[in-house]
Amino acid sequence: MQKAVVKEIYRETEKFIQKRIKVSGWVRTIRSSKAFGFIELNDGTFFKNLQIVFEEDLTNFLEITKINISSAITVEGILVESPGANQAFELKAERIEVVGPCDADYPLQKKRHSLEYLRTIAHLRPRTNTFAAVFRVRSLVAYAIHKFFQEKGFVYVHTPIITGSDAEGAGEMFRVTTFDIDKPPHNEQGAIDFTRDFFGKETNLTVSGQLNVETYCMAFKNVYTFGPTFRAENSNTARHAAEFWMIEPEIAFADLRDNMDLAEEMIKYIIKFALENAPEEMEFFNKFIDKELFTKLENVVNSNFEHVSYTKAIEILENAQESFEYPVRWGNDLQTEHERYLTEKYFKKPVFVSDYPKEIKAFYMRMNDDNKTVAAMDLLVPGVGEIIGGSQREERYDLLEKRINEMGLHKEDYWWYMELRKYGGTKHAGYGLGFERAIMYLTGMSNIRDVIAFPRTTKNADF
RNA sequence: UCCUCGAUAGCUCAAUGGUAGAGCACUCGGCUGUUAACCGAGUGGUUGCUGGUUCGAGCCCAGCUCGGGGAGCCA
Numbered sequence: 347m348q349k350a351v352v353k354e355i356y357r358e359t360e361k362f363i364q365k366r367i368k369v370s371g372w373v374r375t376i377r378s379s380k381a382f383g384f385i386e387l388n389d390g391t392f393f394k395n396l397q398i399v400f401e402e403d404l405t406n407f408l409e410i411t412k413i414n415i416s417s418a419i420t421v422e423g424i425l426v427e428s429p430g431a432n433q434a435f436e437l438k439a440e441r442i443e444v445v446g447p448c449d450a451d452y453p454l455q456k457k458r459h460s461l462e463y464l465r466t467i468a469h470l471r472p473r474t475n476t477f478a479a480v481f482r483v484r485s486l487v488a489y490a491i492h493k494f495f496q497e498k499g500f501v502y503v504h505t506p507i508i509t510g511s512d513a514e515g516a517g518e519m520f521r522v523t524t525f526d527i528d529k530p531p532h533n534e535q536g537a538i539d540f541t542r543d544f545f546g547k548e549t550n551l552t553v554s555g556q557l558n559v560e561t562y563c564m565a566f567k568n569v570y571t572f573g574p575t576f577r578a579e580n581s582n583t584a585r586h587a588a589e590f591w592m593i594e595p596e597i598a599f600a601d602l603r604d605n606m607d608l609a610e611e612m613i614k615y616i617i618k619f620a621l622e623n624a625p626e627e628m629e630f631f632n633k634f635i636d637k638e639l640f641t642k643l644e645n646v647v648n649s650n651f652e653h654v655s656y657t658k659a660i661e662i663l664e665n666a667q668e669s670f671e672y673p674v675r676w677g678n679d680l681q682t683e684h685e686r687y688l689t690e691k692y693f694k695k696p697v698f699v700s701d702y703p704k705e706i707k708a709f710y711m712r713m714n715d716d717n718k719t720v721a722a723m724d725l726l727v728p729g730v731g732e733i734i735g736g737s738q739r740e741e742r743y744d745l746l747e748k749r750i751n752e753m754g755l756h757k758e759d760y761w762w763y764m765e766l767r768k769y770g771g772t773k774h775a776g777y778g779l780g781f782e783r784a785i786m787y788l789t790g791m792s793n794i795r796d797v798i799a800f801p802r803t804t805k806n807a808d809f
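For what it's worth, the numbering used here labels the leading residue of the first sequence as 347, then goes sequentially.
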């Protein structure tokens, strides 16, 4: 007998119709009458379910009518055309074996659950339509990102998760140590003696792979990282997590414009990839999560992203007929309300804001000729806000050294980073894409906790 | 961390300061093509925690815990 999976049955129906097949999966719902019943079977390979019809000629008919949702079963039968309205075919069961019964206290019902409740049962929520769709899309988009960069010849670099450089400056860090935290060793000055710790120095979980990946950029020309990142910020929002994934491409012999063009091409590529490779899931998001999703995504794919300088953006905001809570002033960073206005109301599409005042940006960003702004860019998208942050890097040794000093950093901490500027340093640029934020944008999900399998956020590391 | 709203059955939600309820889930029964199947009956509660006001608190007050929304920080 032919074994089949639900995805093949939907995609290549002609291969299975009128044939005896064997399918294994979980019961999503069951409706039974005195002499017959229906099971919606999901085997995990496909978003949609396969309808099983069973009748009282089954030797275990009574047992089957009583099984609970989420029981694991194996069904043998013939795939036939369905007289019902909602499906083209169904499996007429000749034999159903319960391979893994499900207890009656199973916490998921056939009805809708709140996303908040489902977070409390993170081990079971991938069995729901919403999370099945989210995590299949997440998987596909991760693949699409690799595919995009690999097809362009980029080299995938695994930058370290544990870092000894505490000066990356991108946020609060999680300490990595093997010390007994109740009694760490002290040196003669009375301070904690990190020379006796595992690495012989203070170490933390990385907040960004950028500085490390720049070294490989100077060897391979075009590189990217794709890995987990950790921020110990006490953030409590729908867009922040303590552990998240980031994609950080870095391109040599390239400037800020090349950088933005790459970002735009990548965003369009992954949107198209998701629409083509997960049509059922995307349809579901458009119908139940965000009714404007397809309109939004098609608008992004078919339009050119807007470009605006920070200075011009300030002008737009100053002239806006809008009362902002925070004042708009050249030199201040853009607030969330300002970003939302720009991308959602003014341009109504993704917009790159570039060339920010040097005071509000990182030390490694390239100084512009005006000596006031740096070659930085943020990509703002409607609904999610900042999804990408990047810059052209300062490749001039003396200017980099000057910025490090101005910002009160210690140049000894960056000795290897600075040497890149001595030994064949060249123009280069890169950006960071928050992977979860991209998934949120693609699916319409509005909380980052719902696009991470087991989210780690302030006061929550369950599962 | 700040502002704001909330926490009642397994879930989603009701309940003038006066006997804590419904739908779904679950159990039992019925039903010959269902589509969140349907019909009937039943089981199910320390009203988040601690204290206070009151003859009496799910409801009023205080503190705490956890969650939602917004803000800061950022991706």
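Built from N, CA and C at the ideal position, the CB exists for glycine as well.
Measure the beta-carbon distance from residue i to residue j and round it to whole angstroms, keeping in mind my assumption that it falls under 8 Å.
i	j	result
Leu396	Val426	At roughly 12 Å, the Cβ-Cβ gap does not stay under 8 Å, so Leu396 and Val426 are not in contact.
His756	Phe698	Actually they are not in contact, since the Cβ atoms of His756 and Phe698 sit about 33 Å apart, beyond 8 Å.
Leu779	Ile706	Not really, about 21 Å apart at Cβ, beyond 8 Å.
Leu788	Ala620	5 Å
Gln738	Asp607	No, Gln738 and Asp607 are not in contact; Cβ-Cβ is about 13 Å, not under 8 Å.
Phe781	Met592	6 Å
Ala468	Glu627	Not confirmed; about 19 Å, so no contact.
Phe566	Val501	4 Å
Phe630	Phe393	7 Å
Ile410	Ile367	Their Cβ separation, rounded to whole angstroms, is 18 Å, which puts Ile410 and Ile367 out of contact at 8 Å.
Classify residue i as buried or exposed, calling it buried when 16 or more other Cβ atoms lie within 10 Å of its own Cβ.
i	result
Ile527	exposed
Asp701	buried
Glu560	buried
Val553	buried
Ser511	buried
Gln364	exposed
His684	buried
Pro453	exposed
Asp679	exposed
Asn605	buried
Glu534	exposed
Ser417	buried
Phe544	exposed
Phe572	buried
Trp762	exposed
His586	buried
Glu402	exposed
Glu594	buried
Val797	buried
Gln556	buried
Trp676	exposed
Tyr777	buried
Val569	buried
What residues match up with residue i in a beta bridge as DSSP calls it?
i	result
His532	Ile538
Val421	Val369 and Ile442
Asp825	Outside the modelled stretch of the chain, which goes from 347 to 809, sits residue 825, for which no answer is possible.
Asn550	Thr509 and Arg521
Glu436	Val426
Met592	Gly573 and Gly780
Arg482	Arg482 pairs with nothing; no bridge assigned.
Ile385	Ile376 and Ile398
His774	Ala598
Tyr702	Val720
His492	According to DSSP, His492 bridges with nothing at all.
Leu725	Phe698 and Ile734
Gly568	For the record, residue 568 in the displayed sequence is Asn; it is not Gly. The partner list for Asn568 (beta bridge, DSSP) reads Ile597.
Met713	Val720
Going by DSSP in three states, residue i sits in which element: helix, strand or coil?
i	result
Val797	coil
Gln397	strand
Thr561	helix
Val351	coil
Ser737	strand
Thr405	coil
Val730	coil
Pro447	coil
His586	coil
Asn623	helix
Val646	helix
Val501	strand
Leu470	coil
Thr804	coil
Glu652	strand
Asn632	helix
Gln364	coil
Ala609	helix
So within the segment 665–693, which uninterrupted beta strand (DSSP E) runs reach at least 3 residues, ignoring any that extend past its ends?
You should have found no qualifying run.
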